[in-house]
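All residue numbers for the sequence shown refer to this note's numbering, where the first residue is 5 and numbers rise by one.
Worksheet: the structure to be examined is printed underneath.
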Amino acid sequence: MNTKALKMAAFMGLVLTLVFACSPQENTGNLTAMNENEAVVPKQAVVFIAGYDKGESTYYKDARKHFEGLHYKIIDNAFSLQEIISWLNKNHNEQDYSEIHIVNKGNSKKGLSLETTIHGKLLSQQSLLDCLKENKLPKLQNVLAANSKLVFHTSELGKNKQLLQVLKQTFTANYQPKVFATQHATVFNGQFQKHYLANVFYGYYPTAQSPGNVDLSKQFIRKYPLEDIHWLNAIRTKEEGEPGEAFSYKFNIPIRWEIEFSGDEDVPALANANEIMDWIDDNEKYNNIIKDMGIKVEYFRWKAYKSGQKVIIKGKTTAVCILKPMMQRNNPLSYVETEFDNQRYFTQL
Numbered sequence: 005m006n007t008k009a010l011k012m013a014a015f016m017g018l019v020l021t022l023v024f025a026c027s028p029q030e031n032t033g034n035l036t037a038m039n040e041n042e043a044v045v046p047k048q049a050v051v052f053i054a055g056y057d058k059g060e061s062t063y064y065k066d067a068r069k070h071f072e073g074l075h076y077k078i079i080d081n082a083f084s085l086q087e088i089i090s091w092l093n094k095n096h097n098e099q100d101y102s103e104i105h106i107v108n109k110g111n112s113k114k115g116l117s118l119e120t121t122i123h124g125k126l127l128s129q130q131s132l133l134d135c136l137k138e139n140k141l142p143k144l145q146n147v148l149a150a151n152s153k154l155v156f157h158t159s160e161l162g163k164n165k166q167l168l169q170v171l172k173q174t175f176t177a178n179y180q181p182k183v184f185a186t187q188h189a190t191v192f193n194g195q196f197q198k199h200y201l202a203n204v205f206y207g208y209y210p211t212a213q214s215p216g217n218v219d220l221s222k223q224f225i226r227k228y229p230l231e232d233i234h235w236l237n238a239i240r241t242k243e244e245g246e247p248g249e250a251f252s253y254k255f256n257i258p259i260r261w262e263i264e265f266s267g268d269e270d271v272p273a274l275a276n277a278n279e280i281m282d283w284i285d286d287n288e289k290y291n292n293i294i295k296d297m298g299i300k301v302e303y304f305r306w307k308a309y310k311s312g313q314k315v316i317i318k319g320k321t322t323a324v325c326i327l328k329p330m331m332q333r334n335n336p337l338s339y340v341e342t343e344f345d346n347q348r349y350f351t352q353l
């Protein structure tokens, strides 16, 4: 019996010797190879706060606070596409960009308030195409990761797929990034949710010539007949009193045109607003500008004056923007998720 025990002990000792002799070398080699592969390309995420607040607006301040809480690297001194691309090239430091976020005000029709080049035109599909054609922008170097994401935090930009496609082309380098933008309004530092999406609705009136809240609410009723929103209450409400409550804010949209006339042309007098609007209706170029804005010509307060052979036309409208926070259908007290890879709420190209 002692002999059997001794043989069994010797056998087990041999097995253990083989296990400990072989296994650690294989596992160590695999672990080393895996760690080496993971360490080849370190990555970084960056957020460009590409604008500054005016008046009582705190949009950019609130966005900065939001992303600081998520521990992103914040850049707040680049206000043009030229500066953003240059910064990305200069600060790559062998760390590919996994996420590039750009926070900037704008909309689906006008584009962004971001400049194309320093002191250049504001970013739209046409101005960006012109810059690319004329090689005015620096080329993005090989700074992207294979799955890099380019995220625009600009209200309703997701509706403008043509502009997003040109932006994707602009930021293509060693890899082509995936581009994200929401079709809705994006809100930071809400009363009950720090970052959420909202449906947005617009009404207008000539600046300093408000029709009053009741008549203004009728404009919304005519424009959005299928929406279940108490428009008069929304106009009067300046922030959410409870989760999901519609509220409003106002801002002005100015227009300034300088129109040069040749010596043999009659410079129009344009003595009052009606004459200015009639002149715009008869002029295809400026009539199309107003139509592209999606605002009726009569919603502007118009002024004009002569300066030699030049006429300067100024218009200004006050936009009333109503925001209705987007809530989960099965839980009306919970906001929809704001993850930018959610195809229900974000356009992806």
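For glycine and all other residues, C-beta sits at the position ideal for the given N, C-alpha and C.
Which residues DSSP lists as bridging residue i, in chain order
i	result
Cys-325	Tyr-206 and Tyr-253
Asn-193	DSSP lists no partner for Asn-193.
Pro-215	Beta-bridge pairing links Pro-215 to no other residue.
Leu-116	Gly-110
Ser-84	Glu-119
Asn-335	Gln-332
Ala-311	The residue asked about is misnamed: residue 311 is Ser in this sequence, not Ala. According to DSSP, which records beta bridges pairwise, Ser-311 is partnered with Lys-314.
Pro-247	Per DSSP, none; premise fails for Pro-247.
Thr-342	Thr-342 pairs with nothing; no bridge assigned.
Per-residue DSSP class, three states only, for residue i
i	result
Leu-230	coil
Ala-25	Because the pLDDT of Ala-25 is 38, which lies under 50, any placement of that residue in the model is unreliable, and the number read from its coordinates should be weighed accordingly. In this structure, Ala-25 counts as helix in the three-state DSSP scheme.
Lys-58	coil
Leu-144	coil
Ser-90	helix
Leu-154	strand
Asp-100	strand
Leu-274	coil
Ile-225	helix
Tyr-200	strand
Lys-320	strand
Ile-299	coil
Proximity to residue i [Cα-Cα], best of the options
i	options	result
Asp-296	Lys-114, Thr-120, Asp-100 and Asn-278	Lys-114
Asp-80	Leu-74, Gly-73 and Ile-88	Ile-88
Thr-190	Thr-121, Asn-335, Asp-66 and Leu-220	Asp-66
Leu-373	Asn-97, Ala-238 and Asp-134	No statement about residue 373 is possible, as the shown extent of the chain runs from 5 to 353 and does not include it.
Val-218	Leu-74, His-234 and Lys-77	His-234
Val-50	Ile-78, Asp-57 and Tyr-56	Ile-78
Glu-302	Gly-312, Glu-288 and Glu-279	Glu-279
Ala-275	Ile-317, Glu-243, Leu-236 and Leu-171	Ile-317
Ser-266	Lys-47, Gly-216, Gly-312 and Ser-102	Gly-312
Gln-332	Ile-106, Gly-216 and Tyr-349	Tyr-349
For residue i, the first and last residue of its enclosing alpha helix (DSSP H)
i	result
Ala-277	277 to 286
Asn-237	235 to 240
Lys-172	165 to 174
Gln-129	129 to 137
Residue i - containing beta strand (DSSP E), residue span
i	result
Glu-72	Looking at the DSSP string, Glu-72 is not in any beta strand (DSSP E); the run it does join, the alpha helix (DSSP H), is 63 to 73.
Val-50	47 to 53
Val-183	182 to 186
Ile-78	77 to 79
Gln-352	350 to 352
Legend entry - Touching by the beta-carbon criterion (3+ pairs, under 8 Å), the segment 155 to 163 and the segment 102 to 118: Judged by Cβ distances under 8 Å, the segment 155 to 163 makes contact with the segment 102 to 118, as three or more pairs qualify.
Inset, instruction - Indicate whether the contact test is met: 3 or more Cβ pairs, each with one atom in the segment 123 to 143 and one in the segment 172 to 192, closer than 8 Å. - result: These segments touch.
Inset, instruction - State whether the segment 55 to 75 contacts the segment 245 to 252, with contact taken as three or more CB pairs (one from each stretch) at a distance under 8 Å. - result: No: fewer than three Cβ pairs fall under 8 Å.
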